[in-house]
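**Student:** For reference, the structure I am asking about is given below.
2 protein chains.
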Amino acid sequence: MNVQSETRKNMDKRQQILEATADLIAEQGLHSCPMAMVAKHACCGAGTIYRYFETKEELVQQLFLHLTEVMASHCMAGYDESACIKKRFYSFWGNFYRYMREHPRDRALMEQLSASPAISELQREKALEPMNKALTRLLAEGKSQMLIKDLPDEIITTMTFGSLTMMAKKQQLSPQMFPQAVQAEDLLNLCWDAIKA
Amino acid sequence: MNVQSETRKNMDKRQQILEATADLIAEQGLHSCPMAMVAKHACCGAGTIYRYFETKEELVQQLFLHLTEVMASHCMAGYDESACIKKRFYSFWGNFYRYMREHPRDRALMEQLSASPAISELQREKALEPMNKALTRLLAEGKSQMLIKDLPDEIITTMTFGSLTMMAKKQQLSPQMFPQAVQAEDLLNLCWDAIKA
DNA sequence: AGGAACAGAATGAACGTTCAGTCCGAAACA
DNA sequence: TGTTTCGGACTGAACGTTCATTCTGTTCCT
């Protein structure tokens, strides 16, 4: 038994199972993640998983829930509602981008779960609600101060989210295309130029 | 037998199978697309599929190949190498965005296949090569004319691709968030502001 | 001892793939 | 022309595999 597994022995069993599932889905996708293999990686029997999760679908949904909470807390870390518009924009989306780049497993996992029918569109939107709240305020202020283009929030948010997500993804999947890690600052400058009035 | 099936009867059988597979994967994802159901939708027996494709994996790869060819030809439609930088940028990415928005099935399919391990990273890059060629020329010219920020091509392309892809996706999955279809022009203005020097 | 937690073999459903047989139009023959 | 033979495209039931889930006996703790 290796060091990683030793560590896991001491963790809460439910957490072990979630971790194992996350690793496997991130690496191979949802469909190549049989319960027997989850059990093996979590160092438990297959039956044990069903003491913590009713079905595989519920396990995956719980995983998604946990993941979005972690991501949201990263995005909001050090977020200062009283800072200026541009500072807040850079803080929020910089946190988002760095989280995605520094946690490739979570990024891949998020991608897999987002494309999976096990997670409903409703669950996805619910998960992002708190983040959207902060962004809505930010954009409303920015528009009223004539700092940000007068376009629907959805467009501004979706474009920013899409470009940063894709940058993190490409760097993970084709690292040879990016000799060194692309700094958040450079990307945020592009995003800011895109949306500034 | 309905009209659609009537039409399909006359199509090349191989094409029927590809179409049926495309519909099913786009709607439900790769894993909820059993060969028996492909056969049903293609109006043939399960065995017949194997006269045209060695395995399900090959079927999926052929589908991906065909899809990327169609997409590339849409992107390059009416592309005039002698037009000015901005016009070419708007032409190429406008074509891309409109194709994605007007062909939701193909968009969903592309998303599913891009997240699937049945398609290798190599195949994905090969497929996009011709498009990247045109973009590389465009960006080199743009940078030398000081019209475009002096950043690596990969960054500019990935950011643009990511934001437009996400816009098309969000409009398809959450149409209620966008009361009317978002015009390509508006989005391209954002993209251009992002990358212009 | 008694009960809760656990492991892993057993179960049955779903899937990709195969193959023995059917069908149909064209060629060969009368 | 009418009849027979042939070849290969097609079918779908059957097979073996893989998986989620359940079952049963064991271990661990109090």
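Protein chains in written order, with the numbering used here: chain A, 1 to 197; chain B, 1001 to 1197.
The beta-carbon is built from N, C-alpha and C at its ideal position, and this holds for glycine as well.
This structure is a prediction, so every number in the text was calculated from the model and none was measured.
Here's the rule I'm using: 16 or more other beta-carbon atoms within 10 Å means buried, otherwise exposed. How should residue 68 (chain A) be labelled?
**Tutor:** To locate residue 68 (chain A), count along the first sequence from 1; it is residue 68. It is buried - the Cβ of residue 68 (chain A) has at least 16 other Cβ atoms within 10 Å.
**Student:** By the DSSP assignment, the alpha helix (DSSP H) with residue 1205 (chain B) in it spans what residues?
**Tutor:** In the structure as shown, chain B begins at 1001 and stops at 1197. Residue 1205 (chain B) is therefore absent and cannot be evaluated.
**Student:** Give the straight-line distance between the Cα atoms of residue 1046 (chain B) and residue 1014 (chain B), rounded to the nearest whole angstrom.
**Tutor:** Counting from one through the second sequence, the residue named residue 1046 (chain B) turns up at place 46. Counting from one through the second sequence, the residue named residue 1014 (chain B) turns up at place 14. Taking the straight line from one Cα to the other gives about 13 Å.
**Student:** Report yes or no: is there a C-beta of chain A within less than 8 Å of the C-beta of residue 1151 (chain B)?
**Tutor:** Residue mapping note: residue 1151 (chain B) aligns to position 151 of the second sequence, counting from 1. Yes, residue 1151 (chain B) lies at the interface with chain A (some Cβ there is under 8 Å from its Cβ).
**Student:** Using a Cβ-Cβ cut-off of 8 Å (strictly less than) and excluding sequence neighbours within five positions of residue 1063 (chain B), which residues of its own chain qualify?
**Tutor:** Position 63 of the second sequence, counting from 1, holds the residue named residue 1063 (chain B). Taken in chain order, the residues that qualify are 1018, 1021, 1022, 1025, 1109, 1113.
**Student:** If I measure Cβ to Cβ from residue 1148 (chain B) and keep anything under 8 Å in the same chain, skipping five residues before and after, which residues do I get?
**Tutor:** Taking the first residue of the second sequence as position 1, residue 1148 (chain B) is located at position 148. Excluding positions up to five away in sequence, the list reads 1085, 1139, 1142, 1156, 1195, 1196, 1197.
**Student:** Is it the case that the Cβ atoms of residue 1107 (chain B) and residue 1181 (chain B) are separated by a distance below 8 Å?
**Tutor:** Start at 1 with the first residue of the second sequence, and residue 1107 (chain B) comes out as number 107. Start at 1 with the first residue of the second sequence, and residue 1181 (chain B) comes out as number 181. Not closer than 8 Å, so no.
**Student:** If contact means a Cβ-Cβ distance below 9 Å, which residues of the region 1030-1044 of chain B contact chain A?
**Tutor:** So the close ones are 1030, 1031, 1032.
**Student:** Quick check on residue 196 (chain A): does DSSP put it in helix, strand or coil?
**Tutor:** Position 196 of the first sequence, counting from 1, holds the residue named residue 196 (chain A). Strand at residue 196 (chain A).
**Student:** Output, in sequence order along the chain, the residues in the region 1156-1169 of chain B whose CB is closer than 7 Å to any CB in chain A.
**Tutor:** For the region 1156-1169 of chain B, which is checked against every Cβ of chain A, the residues closer than 7 Å are 1158, 1159, 1161, 1162, 1163, 1165, 1166, 1167.
**Student:** Whose C-beta lies closer than 6 Å to the C-beta of residue 88 (chain A) among residues of the same chain, with five residues either side of it excluded?
**Tutor:** To locate residue 88 (chain A), count along the first sequence from 1; it is residue 88. Closer than 6 Å at the Cβ level, and outside the excluded window around residue 88 (chain A), lie 138.
**Student:** Grab the span of the alpha helix (DSSP H) containing residue 50 (chain A) for me, first residue to last.
**Tutor:** By one-based count along the first sequence, residue 50 (chain A) stands at place 50. Segment 46-52, the alpha helix (DSSP H) holding residue 50 (chain A).
**Student:** In the DSSP assignment, find the alpha helix (DSSP H) that holds residue 1178 (chain B) and state where it starts and stops.
**Tutor:** Translated into positions along the second sequence, residue 1178 (chain B) becomes position 178. From DSSP, residue 1178 (chain B) is part of no alpha helix (DSSP H); its letter is neither H nor E.
**Student:** List the residues of chain B that residue 112 (chain A) touches, going by C-beta distances under 7 Å, in chain order.
**Tutor:** Taking the first sequence and counting its residues from 1, the one referred to as residue 112 (chain A) is at position 112. Ordered by position in chain B, the residues that pass the 7 Å Cβ test against residue 112 (chain A) are 1115.
**Student:** According to DSSP, is residue 1148 (chain B) helix, strand or coil?
**Tutor:** Stepping through the second sequence from its first residue, residue 1148 (chain B) is reached at position 148. Looking at residue 1148 (chain B) - three-state DSSP - the assignment turns out to be strand.
**Student:** Starting from residue 1079 (chain B), trace the alpha helix (DSSP H) both ways and give me its first and last residue.
**Tutor:** Within the second sequence, numbered from 1, the residue matching residue 1079 (chain B) stands at position 79. Careful: residue 1079 (chain B) lies outside any alpha helix (DSSP H) and carries neither H nor E.
**Student:** Short of 6 Å in beta carbon distance, which residues of its chain neighbour residue 183 (chain A), apart from the five on each side in sequence? Order them along the chain.
**Tutor:** Here residue 183 (chain A) is taken as the residue at index 183 of the first sequence, counted from 1. The answer is none, since no qualifying residue turns up.
**Student:** Would you kindly check if the distance between the Cβ of residue 28 (chain A) and the Cβ of residue 119 (chain A) is under 8 Å?
**Tutor:** Residue 119 (chain A) sits at position 119 when you count from the first residue of the first sequence. Residue 28 (chain A) sits at position 28 when you count from the first residue of the first sequence. In this structure, residue 28 (chain A) does not lie closer than 8 Å to residue 119 (chain A) by Cβ.
**Student:** In or out: residue 1158 (chain B) buried (at least 16 other Cβ within 10 Å) or exposed?
**Tutor:** Mapped onto the second sequence, residue 1158 (chain B) falls at position 158. Looking at its Cβ environment, which holds 16 or more other Cβ atoms inside 10 Å, residue 1158 (chain B) is buried.
**Student:** Given a cut-off of 8 Å on the beta-carbon distance, is the pair residue 111 (chain A) and residue 1115 (chain B) in contact?
**Tutor:** Working through the first sequence from its first residue, we reach residue 111 (chain A) at position 111. Working through the second sequence from its first residue, we reach residue 1115 (chain B) at position 115. Their beta carbons are under 8 Å apart, which means residue 111 (chain A) touches residue 1115 (chain B) by this criterion.
**Student:** Cβ atoms of residue 1164 (chain B) and residue 1079 (chain B): under 8 Å apart, would you say?
**Tutor:** As a first step, residue 1079 (chain B) must be located in the second sequence, where it is residue number 79. As a first step, residue 1164 (chain B) must be located in the second sequence, where it is residue number 164. Cβ atoms of residue 1079 (chain B) and residue 1164 (chain B): not closer than 8 Å.
**Student:** For residue 1174 (chain B), return the contacting residues in chain A, with the cut-off set at a CB-CB distance below 8 Å.
**Tutor:** Residue numbering aside, residue 1174 (chain B) sits at position 174 when the second sequence is read from its first letter. Neighbours of residue 1174 (chain B) on chain A, chain order: 121, 125.
**Student:** If you check the beta carbons only, do residue 1173 (chain B) and residue 102 (chain A) fall under 8 Å apart?
**Tutor:** Within the second sequence, the letter at position 173 stands for residue 1173 (chain B). Within the first sequence, the letter at position 102 stands for residue 102 (chain A). Their beta carbons are not under 8 Å apart, which means residue 1173 (chain B) does not touch residue 102 (chain A) by this criterion.
**Student:** Can you grab the Cα-Cα spacing for the pair residue 1010 (chain B) / residue 1099 (chain B), in whole Å?
**Tutor:** Your numbering for residue 1010 (chain B) matches position 10 in the second sequence. Your numbering for residue 1099 (chain B) matches position 99 in the second sequence. Confidence is the limiting factor: at residue 1010 (chain B) the pLDDT is only 45, short of 50, which leaves the residue's position unreliable and the question unanswerable from this model.
**Student:** Take the Cβ of residue 1095 (chain B) as the centre, count every other Cβ of all protein chains shown within 10 Å, and call the residue buried at 16 or more, exposed below.
**Tutor:** Here residue 1095 (chain B) refers to the residue found at position 95 of the second sequence. Buried, since its Cβ has 16 or more Cβ neighbours within 10 Å.
**Student:** Candidates A:83, A:131, A:65, A:153: which alpha carbon is nearest residue 123 (chain A)'s?
**Tutor:** Along the first sequence, one-based indexing puts residue 123 (chain A) at 123. Checked all of A:83, A:131, A:65, A:153; the closest Cα to residue 123 (chain A) is A:65.
**Student:** Since residue 178 (chain A) and residue 1129 (chain B) are thought to touch, with beta carbons under 8 Å apart, how far apart are those beta carbons, to the nearest angstrom?
**Tutor:** Sequence index remark: in the first sequence, residue 178 (chain A) carries index 178 (1-based). Sequence index remark: in the second sequence, residue 1129 (chain B) carries index 129 (1-based). Their Cβ separation, rounded to whole angstroms, is 18 Å, which puts residue 178 (chain A) and residue 1129 (chain B) out of contact at 8 Å.
**Student:** Can you give me the Cβ contacts of residue 145 (chain A) inside the same chain, cut-off strictly under 7 Å, excluding the 5 residues immediately before and after it?
**Tutor:** The count along the first sequence starts at 1 and reaches residue 145 (chain A) at position 145. These residues qualify, in order along the chain: 85.
**Student:** Which residue marks the beginning of the alpha helix (DSSP H) containing residue 1025 (chain B), and which one marks its end?
**Tutor:** As a first step, residue 1025 (chain B) must be located in the second sequence, where it is residue number 25. Its alpha helix (DSSP H) spans residues 1013-1028.
**Student:** Chain A partners of residue 1060 (chain B), CB-CB under 8 Å?
**Tutor:** Against the second sequence, residue 1060 (chain B) aligns to sequence position 60. In chain order: nothing, as chain A lies at least about 13 Å away.
**Student:** Given that residue 190 (chain A) touches chain B, what residues does it touch there, using C-beta distances under 7 Å?
**Tutor:** Locating residue 190 (chain A) in the first sequence gives position 190, counting from the first residue. In chain order: 1159, 1194, 1195.
**Student:** Using a Cβ cut-off of 8 Å, which residues of the region 177-189 of chain A contact any Cβ in chain B, in chain order?
**Tutor:** So the list reads 177, 178, 182, 186, 187, given in the order they occur along the chain.
**Student:** Under 6 Å Cβ to Cβ from residue 150 (chain A), same chain only, skipping five residues before and after it: list those, please.
**Tutor:** Here residue 150 (chain A) refers to the residue found at position 150 when the first sequence is read from its first residue. Counting only Cβ-Cβ distances below 6 Å, and skipping sequence neighbours, we find 143.
**Student:** Quick check on DSSP: helix, strand or coil for residue 1134 (chain B)?
**Tutor:** Looking up residue 1134 (chain B) in the second sequence gives position 134. Reduced to three states, the DSSP call for residue 1134 (chain B) is helix.
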